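Engineer: If you read the sequence shown in my numbering, its first letter stands for residue 326, the second for the next number, and so on. Don't be surprised by glycine CBs; every beta carbon is placed ideally from N, CA and C. In this text, all values refer to a predicted model and were calculated from it rather than measured experimentally.
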Amino acid sequence: MLAEQIFALGLGLTPPWKVMSQRLDTEHTPTKLHLEIGADRGALYPCPECGTACKAHDFKEYTWRHLNFFQHHCYLTARLPRINCPEHGIRRVQAPWAREGSRFTLLFEQVVMSLVREMPVNAVARHVEVTDKRLWRIVRHDVSKAIAALDLKSLKAIGLDETASKRGHNYITVFIDLDRSDKPVIFATPGKGKDCLTKFCAFIEAHEGRPENIVEVVCDMSPAFLSAVEQEFKSASVTVDWFHVVQLFTKAVDDVRKLEARQTKLPDHTRWAVLKGAEKERTQHQENALLELVEQGFATAKAYRVKELLRWVRRAESKQAAKWRITHFLKHAAEYAANCPLLEPVRSALASFERHLPRILHRWHSLHTNARLEGYNGLFQAARARARGYRNVENFITMVYLIAAPIQVLVTS
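1) Is the stretch 610-629 close to the stretch 568-585, with three or more CB pairs under 8 angstroms?
2) Quick one, are the C-beta atoms of Leu392 and Leu349 less than 7 angstroms apart?
3) Starting from Tyr629, trace the alpha helix (DSSP H) in both directions and tell me its first and last residue.
4) When the Cα of Pro288 is compared with those of Gln419, Asp467, Leu635, Thr589, which residue comes out closest?
5) What did DSSP end up calling Phe395 once you bin it into helix, strand or coil?
6) Can you check the stretch 645-699 for any alpha helix (DSSP H) of at least 4 residues that lies completely inside it and give the ranges in chain order?
7) Less than 7 angstroms between the C-beta atoms of Val581 and Ala624, yes or no?
8) Which ranges does the beta strand (DSSP E) cover as unbroken runs of at least 3 residues, wholly within the stretch 339-414, from first to last along the chain?
9) What is the rounded straight-line gap between the Cα of Cys410 and the Cα of Phe429?
10) Which residue or residues does DSSP assign as beta-bridge partners of Thr488?
11) State the Cα-Cα distance for the pair Glu719 and Val510, rounded to the nearest angstrom.
12) Whole-angstrom Cβ separation of Phe654 and Val570, contact assumed at under 8 angstroms?
13) Name the residue from Arg462, Thr351, Gln556 whose alpha carbon lies nearest to the alpha carbon of Cys521.
14) Would you mind stating whether Lys644 and Trp597 have Cβ atoms separated by less than 7 angstroms?
15) The ligand FAD and Leu480: does the residue's C-beta get closer than 6 angstroms to at least one heavy atom of that ligand?
16) Between the C-alpha atoms of Lys632 and Thr723, what's the straight-line distance to the nearest angstrom?
17) Taking the straight line between their C-alpha atoms, what separation do you get for Phe512 and Ala710?
18) Apart from the five residues just before and just after Glu746, which ones in its own chain have a Cβ nearer than 8 angstroms to its Cβ?
19) Where do the N-terminal and C-terminal ends of the alpha helix (DSSP H) with Phe721 fall, by residue?
20) For Ala482, write down the residues that DSSP places opposite it in a beta bridge.
21) Thinking Arg407 and Asp383 are a contact (beta carbons under 8 angstroms), I'd like their distance in whole angstroms, please.
22) In whole angstroms, what is the alpha-carbon distance linking Leu745 and Arg404?
23) Going by the CB atoms, is the gap between Asp467 and Met444 shorter than 7 angstroms?
24) To the nearest angstrom, how far is the alpha carbon of Ala663 from that of Ala641?
25) On the DSSP bridge assignment, give the partners of Val563 in chain order.
26) Out of Trp389, Lys385, Gln396, Gly414, state which residue places its alpha-carbon closest to the alpha-carbon of Thr377.
27) With distance defined between alpha-carbon atoms, name the residue in Cys544, Cys665, Arg636 nearest to His693.
28) By the 10 Å Cβ neighbour count, where 16 or more other Cβ atoms means buried, how is Leu336 classified, buried or exposed?
29) Using CA coordinates, which residue listed in Gly516, Gly367, Gln572, Ala712 is at the minimum distance from Ala381?
30) Would you call the CB atoms of Leu485 and His532 closer than 7 angstroms?
31) What residue range does the alpha helix (DSSP H) around Val510 cover?
32) Is it the case that the Cβ atoms of Ala280 and Lys508 are separated by a distance below 7 angstroms?
33) Beta carbon of Gly534, beta carbon of Leu480: below 7 angstroms?
34) For Glu386, which residues in the same chain have their Cβ closer than 6 angstroms to its Cβ, ignoring the five residues on either side in sequence?
35) Skipping 5 residues on each side, what residues in its chain have a beta carbon closer than 8 angstroms to that of Glu374?
36) So, is Gln588 buried or exposed, given that buried needs 16 or more other C-beta atoms within 10 angstroms?
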């Protein structure tokens with residue numbers, strides 16, 4: 326078997342295409358294997374629209390990067406013809422080994438998509454010796470194509486939350502399908518607030534879904550989110566996720582600690598002693614710090630006590646029991662926080678809690694939670710840290726989809 330036949334077999338070429346010649350360039354580093362692909366003179370080519378066999382009208386030469394041949398970079402070069410179809414007129418024949426507009430073969434893109442699931446794109450770029458900008462074009466194309474194929478006809482319950490796209494006040498808002506058991510992310514967009522909900526509604530409608538079919542939305546206590554949800558999803562009940570309730574009071578505790586630390590010397594290791602939940606294991610230093618805070622009546626200890634009372638509320642087994650516990654929680658928390666200027670953050674958190682109480686109580690009816698989305702947010706931030714940030718927000722959103730969207734982005738070989 327001739328070398329050209331072996332290469333043609335390896336490339337999966339079918340008539341009229343075949344390997345015409347091969348040349349190994351060893352004068353440059355890295356070394357390059359050039360394969361020229363063509364067809365016999367007078368060959369017929371299928372019309373890209375209807376498949377009718379047509380004669381070539383003229384030719385234009387293109388080159389594609391292929392998978393390495395051993396240690397050599399491999400490039401395919403072919404003169405693609407334009408044909409004159411009786412029905413569709415002049416059309417450029419597409420190479421069966423590459424997608425339209427790409428200068429990489431399908432197999433090369435498939436390997437790239439496999440690698441970017443496991444390592445940062447910059448690392449993949451160094452591995453395959455291609456610039457990261459060119460690889461991002463591959464990744465964005467395949468992910469966008471997969472997202473465009475999502476079917477949202479059965480979408481009923483959604484969760485949404487923002488996650489940082491870079492340092493500073495730069496966020497993206499991520500939406501998940503709460504009924505999906507795996508890969509729940511269905512949409513992500515730059516920013517946070519009303520515009521994000523408007524874009525999401527348009528996205529639902531573009532994917533055969535209907536905003537009026539959404540029966541539940543789980544989110545945080547952001548006024549911008551809540552007002553937009555009520556406007557865009559009029560038939561949906563809104564549940565404030567318990568994670569964000571705990572987050573609200575945890576921040577209040579930390580704010581009290583910072584205020585008090587400006588006025589008096591707090592015990593060493595106070596920060597993590599009060600930010601850790603009761604179920605988390607503390608070091609001996611943290612245990613000692615917490616004990617000293619309580620014994621000496623620090624305001625930080627009172628704020629911590631309020632936060633820990635939430636656990637008792639959360640363990641209520643019914644909505645009625647939760648209402649009773651919340652009544653007592655608010656009463657005792659107000660007593661703890663009274664008459665102390667340092668506890669203003671706690672009083673503010675209690676006011677916010679009361680303001681959103683109907684939505685918080687709905688969690689005892691709901692089967693859904695944003696816990697998975699919060700878990701995925703950790704994965705998104707880990708990917709961002711591993712990549713040392715992304716050049717732009719579009720790249721970050723692409724990676725969010727790649728990590729957690731229900732898509733299959735490997736190119737068919």
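Structural biologist: So, to answer that:
1) yes
2) no
3) 624-639
4) The question about residue 288 has no answer here: the residues shown for the chain are numbered 326 through 738.
5) coil
6) 669-680, 682-686
7) yes
8) 343-350, 357-363, 369-371, 378-394, 397-410
9) 27 angstroms
10) Ile497
11) 16 angstroms
12) That pair is no contact at about 11 angstroms.
13) Gln556
14) no
15) No copy of the ligand FAD occurs in the structure displayed, which carries no ligand at all.
16) 37 angstroms
17) 22 angstroms
18) As shown, the chain starts at 326 and ends at 738. That puts residue 746 outside it, with no answer to give.
19) 718-729
20) Glu541
21) 5 angstroms
22) No information on residue 745 is available, as it lies outside the stretch 326 to 738 that the chain covers here.
23) no
24) 26 angstroms
25) Val542
26) Gly414
27) Cys544
28) buried
29) Gly367
30) no
31) Note, Val510: premise wrong, no alpha helix (DSSP H); beta strand (DSSP E) at 510-515.
32) Residue 280 lies beyond the range of the chain shown here (326 to 738); nothing can be said about it.
33) yes
34) Arg404
35) Cys410, Glu412, His413, Arg416
36) exposed
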